[in-house]
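> Let me give you the structure first, and then I'll get to my questions.
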Amino acid sequence: MLGLPYDRLVYPNPLNIDPVAFSVGPLQVHWYAFAYLVAFALYLLLAIQRAGKPGFALTRKQAVEALIHGELGAYLGGRIGYILFYNLPLYLAHPLQIFAVWDGGMSFHGGLIGVILALAWVARQERLPLIGVTDFVAPLIPLGLAAGRVGNFINGNLFGRVCHGDLTWCAYFPHGGDVLRYPSELFEGIGEGLVLFAILWTFSRRPRPAGAVSALFLLAYGLIRFILEFWRQPDPQLGFVAFGWMTMGQVLSVPMIVAGGFMLYETLRAPARHHEPVGNASEQG
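In structure tokens form, the structure reads like this:
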């Protein structure tokens, strides 16, 4: 457990956390999935509270549609992205493992692609500008990221690199060997989750130029992820993939930083073009 004398931490479940949160008959709900369900409930509450207000392009009905389809896109894209980017040989050899999502194995970058595709479909169906939909949804995404990292920590996967110096924030992990490691899942949950949510939610409270919120999301997430990867152990099947020190997560974050920085610069320097609420009050129930 974090903060305990570190001569023999028993991290393999130091809090005796069962990976199964609860059961409904024969169905077992794992903490990893339960964390996402809680995050989705928060999505809905915050989205409904914001929808239809000046400066936001979606009605409540459209917001719910966007979030439901975005969530499905995130799951499918995240799983497919992990398979393609991180561990294709394993899943080719053991295809049934594709469905073992309770063991983890989600790629944020794949999930982002899935979300964009899902939101593009919603925008087309609702005749909305895609950038208006992404600006609305972007501040809510970090809630799901925080939930996923909590699930990673409970599962004991995606652990950090070997600790050096101050061992206060270090722990033993089930699959991390007999060495103390950084709980990088918690670092990422705080950085990519809570901190990023606070930045985006605060920034988007006032009307912003179209595309500015989406651009800030890309830039801020890319920077936070790139930095926090220095505490995270590279995936063992990949190791460092560029220059002898860059992880796959860092490589995939670079395009986000570049694209987000360019988009933010362009949106803030151009004449202001704000979102207009779509629909009428009767659609917002």
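Using this note's numbering, the letters of the sequence shown correspond one by one to residues 113 to 397. Heads up, the beta-carbon is just placed ideally off N, CA and C, and yes, glycines get one too. Bear in mind that the values here come from a model prediction, so they are computed numbers and not experimental data.
1) Using a Cβ-Cβ cutoff of less than 7 Å, which residues in the same chain neighbour Val353 once the five nearest sequence positions on both sides are dropped?
2) Under the rule that 16 or more other beta-carbon atoms within 10 Å means buried, what is Val370, buried or exposed?
3) Do Leu229 and Gly185 have their CB atoms nearer than 7 Å?
4) So, for Arg159: in the same chain, excluding its five sequence neighbours on each side, which residues have a beta-carbon less than 6 Å away from its beta-carbon?
5) Within 10 angstroms of the Cβ of Ile253, are there 16 or more other Cβ atoms? Answer buried if so, exposed if not.
6) With 16 other CB atoms within 10 Å as the buried threshold, where does Gln398 fall?
7) Note down, one range per segment and in chain order, each alpha helix (DSSP H) of at least 4 residues found wholly within the region 231-271.
8) Between the Cα of Ala259 and those of Val132, Val136, Leu149, spot the shortest distance and give me the residue it belongs to.
9) Helix, strand or coil, according to DSSP, for His142 in the structure here?
10) How far does the alpha helix (DSSP H) with Val291 in it extend, from its first residue to its last?
11) Does Ala382 come out as helix, strand or coil in the three-state DSSP assignment?
12) If I measure Cβ to Cβ from Glu378 and keep anything under 7 Å in the same chain, skipping five residues before and after, which residues do I get?
13) Is Leu279 near Leu298, with beta carbons less than 7 Å apart?
14) Return the CA-CA distance between Gly303 and Leu270, expressed in angstroms with no decimal places.
15) State the CB to CB distance for the pair Ala382 and Pro321, rounded to an integer number of angstroms; the pair is presumed to be in contact (CB under 8 Å).
Quick answer:
1) Thr359, Met360, Val363
2) Per the 10 Å Cβ criterion, exposed.
3) It is a contact, given that the beta carbons lie within the stated cut-off.
4) It is Ala, not Arg, that sits at residue 159 in the sequence shown. Excluding residues within five positions, the ones whose Cβ falls inside 6 Å are Ala175, Leu179.
5) Buried, by the Cβ-count rule.
6) Outside the shown range of the chain, which is 113 to 397, sits residue 398, and nothing can be said about it.
7) 242-249, 253-267
8) Cα-wise, what sits closest to Ala259 is Leu149.
9) strand
10) No alpha helix (DSSP H) contains Val291, which DSSP labels as neither H nor E.
11) coil
12) none
13) no
14) 15 Å
15) The Cβ separation is near 7 Å, so the contact holds.
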